[in-house]
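Going by my numbering, the sequence shown opens with residue 559, and the numbers climb by one from there. What follows is a set of notes on a single structure, which appears directly below.
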Amino acid sequence: FEQIFGKVTPTQPVYAASTTLRPNGPGFYTQWPGQTPASGAHWDKVDEDPHDGDTTIISTPLNLLTYRDTFTHTPSNIPAGSTINQIEVFAVCRKSAGAVSTAVLQVMIRSSGSLSNSPPKNVNSDNSWTTNSHVWTTDPATLAAWTIAGVDNVQIGVRKTEANAAINCTQVYMEVSYTPTGTPTPT
C-alpha cells in the first residue's frame, strides 16, 4: 500500500470535500413536455431533497422523440484555489409507460454551449425509482480540469432518447468532489 500510494501519517491527513448542488432555475433546454403539478417551472419539480416521488415530476410522453431539460443550480461556494476532482450528476427517474421493457435516459451537462451526455442508462421499472449518474472529470467546453467557475456555470439535466417509452423524473442534482486549498498530499 505504501509503495503505491505513499505514506500518510496522522500529521499529514488527506482531505477531500464535496458539495451537493440542486436546480434553482431553468437552463438552455426545457423540452420535456409534461410536469406535475402543471404550475411553476420544470426545475422546481426536480430540486427536492429527498425526492418526493410522483408529487413533483417532469415527464415525457410515450413516443420515439428525444427531449432534453437542463437546469442552473445553486452556487458551489467552493473555496478559491481548491482543486475540482470531479462532478457527478444524478437523476432519479422511472419508466411510466411503454411498449418496451426498458426506457433509456441519459444524464447530461451543458458547459459554455458544449453538450455532454452520459452513456445510455436503463430505467427498467414502472413502479420504483431508479437513480442513475455519470461522472465528468474534465469540463467538455475546455477539455481540461474543472475550475470553480466552470462548476458554477455548468447546467445539469436529463435527456430522454428515442426508445418507445415514457419517463418521469423527480430529482436531478450534482455532487462536486474537490480538494481545498492547502490540503497536504500524501508522501
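Just so it is clear, CB atoms sit at the ideal spot from N, CA and C, and this is done for glycine as well. Values in this document were obtained by computation on a predicted structure and should not be read as measured data.
Name the DSSP beta bridge partners of residue i, please?
{"i": "K603", "result": "According to DSSP, K603 bridges with nothing at all."}
{"i": "N680", "result": "V662"}
{"i": "W694", "result": "I645"}
{"i": "I714", "result": "F629, I667"}
{"i": "E733", "result": "T578, E646"}
{"i": "S686", "result": "S686 pairs with nothing; no bridge assigned."}
{"i": "T594", "result": "I615"}
{"i": "G585", "result": "None, per the DSSP bridge assignment."}
{"i": "N726", "result": "S617, R652"}
{"i": "A721", "result": "DSSP lists no partner for A721."}
From residue i to residue j, what distance separates their C-alpha atoms?
{"i": "T728", "j": "T700", "result": "31 Å"}
{"i": "S747", "j": "G592", "result": "The chain is shown only over 559 to 745; residue 747 falls outside these bounds and no answer can be derived."}
{"i": "T696", "j": "S683", "result": "32 Å"}
{"i": "D610", "j": "S674", "result": "27 Å"}
{"i": "P678", "j": "S597", "result": "30 Å"}
{"i": "W694", "j": "N711", "result": "15 Å"}
{"i": "K718", "j": "W704", "result": "26 Å"}
Return the chain-ordered list of same chain residues with a C-beta closer than 6 Å to the C-beta of residue i, the five sequence neighbours on each side being excluded.
{"i": "T594", "result": "I615"}
{"i": "S676", "result": "Q664, V665, H692"}
{"i": "R668", "result": "F586, T628, Q713"}
{"i": "D605", "result": "R580, P581"}
Got a sec? Which residues, its chain only, sit under 8 Å from residue i by beta carbon, not counting five neighbours each side?
{"i": "N722", "result": "L620, N621, L622, G656, A657, V658"}
{"i": "T737", "result": "Y573, A574, A575, S640, T641, N643"}
{"i": "T577", "result": "S634, N635, I636, E733, V734, Y736"}
{"i": "H600", "result": "P584, T588, W590, Q593, I616, D627, F629"}
Using a Cβ-Cβ cutoff of less than 7 Å, which residues in the same chain neighbour residue i once the five nearest sequence positions on both sides are dropped?
{"i": "G639", "result": "T739"}
{"i": "Y731", "result": "T578, L579, R580, F648"}
Assuming residue i contacts residue j under a Cβ cut-off of 8 Å, what Cβ separation, rounded to an integer in Å, is found between them?
{"i": "T624", "j": "R580", "result": "Contact doesn't hold; Cβ gap of about 25 Å is too wide."}
{"i": "V716", "j": "A649", "result": "5 Å"}
{"i": "N690", "j": "D612", "result": "Actually they do not touch by this definition, with Cβ atoms about 18 Å apart."}
Comparing the C-beta of residue i with each C-beta of chain C, is any distance below 8 Å?
{"i": "S597", "result": "This model lacks chain C altogether, as it is built from one protein chain only."}
Which runs of the alpha helix (DSSP H), 4 residues or longer, sit entirely within the stretch 616-671?
none
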